[in-house]
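In what follows, a structure is listed as structure tokens, so that the remarks can point back to it.
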Amino acid sequence: MKLKFHNTYLFYTVTGKGPAIVLLHGFLESASMWKKLVPELSKKHMIIVIDLPGHGKSGVVGEMHTMELMAQAVHAVVKHLDLPTIALMGHSMGGYVALAYTELFPSEVEGLILLNSTPAEDSLERKANRDRALTMLQKTPNVFIRMAITNLFAEEDRTQYASAIEQLKEEALQFPLAGITAAVKGMRDRKDRTSVLRQFSGSKYMICGTKDPIVPLTISEILAKHCHTDLIKIVGGHLLLTENYDETVKKMRFIDFLCI
Ligand code: MLT
Numbered sequence: 000m001k002l003k004f005h006n007t008y009l010f011y012t013v014t015g016k017g018p019a020i021v022l023l024h025g026f027l028e029s030a031s032m033w034k035k036l037v038p039e040l041s042k043k044h045m046i047i048v049i050d051l052p053g054h055g056k057s058g059v060v061g062e063m064h065t066m067e068l069m070a071q072a073v074h075a076v077v078k079h080l081d082l083p084t085i086a087l088m089g090h091s092m093g094g095y096v097a098l099a100y101t102e103l104f105p106s107e108v109e110g111l112i113l114l115n116s117t118p119a120e121d122s123l124e125r126k127a128n129r130d131r132a133l134t135m136l137q138k139t140p141n142v143f144i145r146m147a148i149t150n151l152f153a154e155e156d157r158t159q160y161a162s163a164i165e166q167l168k169e170e171a172l173q174f175p176l177a178g179i180t181a182a183v184k185g186m187r188d189r190k191d192r193t194s195v196l197r198q199f200s201g202s203k204y205m206i207c208g209t210k211d212p213i214v215p216l217t218i219s220e221i222l223a224k225h226c227h228t229d230l231i232k233i234v235g236g237h238l239l240l241t242e243n244y245d246e247t248v249k250k251m252r253f254i255d256f257l258c259i
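Residue 208 in numbering that gives the first Met the number 0 sits at position 209 of the sequence shown, with consecutive numbering throughout.
In structure tokens:
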């Protein structure tokens, strides 16, 4: 399905009936990252999966896709579906968007799952890396996309996941360069939302990979404690649904608002 948003369209799917859960993919990913999980979750939930602006089939809205703008895009779909409240599960960048959504529409969010994600803003070092990424995106975009996807996996696991890495690269290489650039700028300039997570009074969970190279477990442990958020640890890296699907789904059964 598609919905007009600003000057473009957002693509989304709706599967199943029951309490609504919106799934938000990460950077250089799309709705396709959830394809194995949707049949599982949609037995007792309405599952809405959205391609965020500039990713998958959804178009580019502007030069910078702030987390707030992406949250507004998600809200447009939620309002279109006439859903008064939802739960959100966001993978990495999708988690940043979920927190922006929670800040903008606090009374409409009932539950929150940050999967391989963090409420913290970028460190100065990471912001500098984003600037380098923007330069690389201008000069050699395909090299950047390939490198960024490889870097999502721990070095020792790259051979094991070679075909998944190739598949991700093939998909991301189809995304509009302007959309990728807009997301890098949005992530670089996103604000710290530790206080949003801390103050959120619904059920909230961080699901973390023990060797996530992007969101280190040691930092997640500190943040989860500070934000009174349940921390679920899974053996694996930044793409837990690719690297350790069975264990991730098994542990999701402990999440009180997920009926699986
Ligand atoms: C993602 O997987 O969405 C990105 O790695 C997040 C980030 O770069 O901060």
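Note that CB positions come from ideal geometry on N, CA and C, so glycine has one too.
None of these values were measured; they are calculated from a predicted model.
If you measure between the beta carbons of Leu-136 and Thr-84, is that distance less than 7 Å? Counted from its first residue, the sequence shown places residue 136 at position 137. Counted from its first residue, the sequence shown places residue 84 at position 85. Thr-84 is positioned such that its CB atom lies no closer than 7 Å to that of Leu-136.
Q. Quick one: any contact between the segment 198 to 209 and the segment 154 to 163, if contact means 3 or more CB pairs under 8 Å?
A. Contact between the segment 198 to 209 and the segment 154 to 163 is absent, because fewer than three Cβ pairs lie under 8 Å.
- [ ] Would you check whether the ligand MLT has a heavy atom nearer than 6 Å to the C-beta of Ser-41?
- [x] Translated into positions along the sequence shown, residue 41 becomes position 42. In this structure, Ser-41 has its CB at a distance of at least 6 Å from all heavy atoms of the ligand MLT.
Which whole-angstrom value is the C-beta distance of Gly-185 and His-24, which I expect to be below 8 Å?
Position 186 of the sequence shown, counted from the start, is the residue given in the question as residue 185. Position 25 of the sequence shown, counted from the start, is the residue given in the question as residue 24. Between His-24 and Gly-185 the Cβ distance is about 14 Å, and since that is not below 8 Å, they are no contact.
**Prompt:** Within this structure, are the beta carbons of Thr-12 and Val-48 separated by less than 7 Å?
**Reply:** Position 13 of the sequence shown holds residue 12. Position 49 of the sequence shown holds residue 48. Between Thr-12 and Val-48, the C-beta gap is smaller than 7 Å, which places the two residues in contact.
- request: Tell me whether Phe-10 sits in a helix, a strand or coil according to DSSP, three-state version.
  value: Residue 10 sits at position 11 when you count from the first residue of the sequence shown. Here Phe-10 sits in strand by DSSP.
- Is Met-92 near the ligand MLT, judged by its Cβ being under 6 Å from some heavy atom? Residue numbering aside, residue 92 sits at position 93 when the sequence shown is read from its first letter. Shortest gap from the CB of Met-92 to any heavy atom of the ligand MLT: under 6 Å.
Same chain, Cβ closer than 7 Å to His-227, neighbours up to 5 away in sequence not counted
Translated into positions along the sequence shown, residue 227 becomes position 228. Cβ neighbours of His-227 beyond the five flanking positions: Arg-197.
Got a sec: does the ligand MLT put a non-hydrogen atom nearer than 6 Å to the Cβ of Met-88?
Here the question's residue 88 lines up with position 89 in the sequence shown. Taking 6 Å as the cut-off, the C-beta of Met-88 does not count as close to any heavy atom of the ligand MLT.
For Ala-177 and Glu-62, I'd like the C-alpha separation in whole angstroms.
The count along the sequence shown starts at 1 and reaches residue 177 at position 178. The count along the sequence shown starts at 1 and reaches residue 62 at position 63. Taking the straight line joining both Cα atoms gives about 7 Å.
Unbroken alpha helix (DSSP H) run spanning Phe-143, endpoints:
Your numbering for residue 143 matches position 144 in the sequence shown. Boundaries of the alpha helix (DSSP H) around Phe-143: 140 to 149.
query: Buried or exposed: Met-32, going by 16 or more other Cβ atoms within 10 Å of its Cβ?
result: Mapped onto the sequence shown, residue 32 falls at position 33. Of the residues assessed, Met-32 falls on the buried side of the cut-off, its CB having 16 or more other CB atoms within 10 angstroms.
**Prompt:** Does DSSP classify Glu-109 as helix, strand or coil?
**Reply:** Within the sequence shown, residue 109 is the residue found at index 110, counting from 1. Residue state, collapsed to three classes: strand.
Practice prompt. May I ask you to check if the CB of Ile-233 is nearer than 6 Å to at least one heavy atom of the ligand MLT?
Written response: Here the question's residue 233 lines up with position 234 in the sequence shown. Closer than 6 Å to some heavy atom of the ligand MLT: that does not describe the Cβ of Ile-233.
TODO: With a threshold of 6 Å, establish whether the CB of Gly-25 neighbours any heavy atom of the ligand MLT.
DONE: As a position in the sequence shown, residue 25 is number 26, starting the count at 1. Under cutoff, so the answer is yes.
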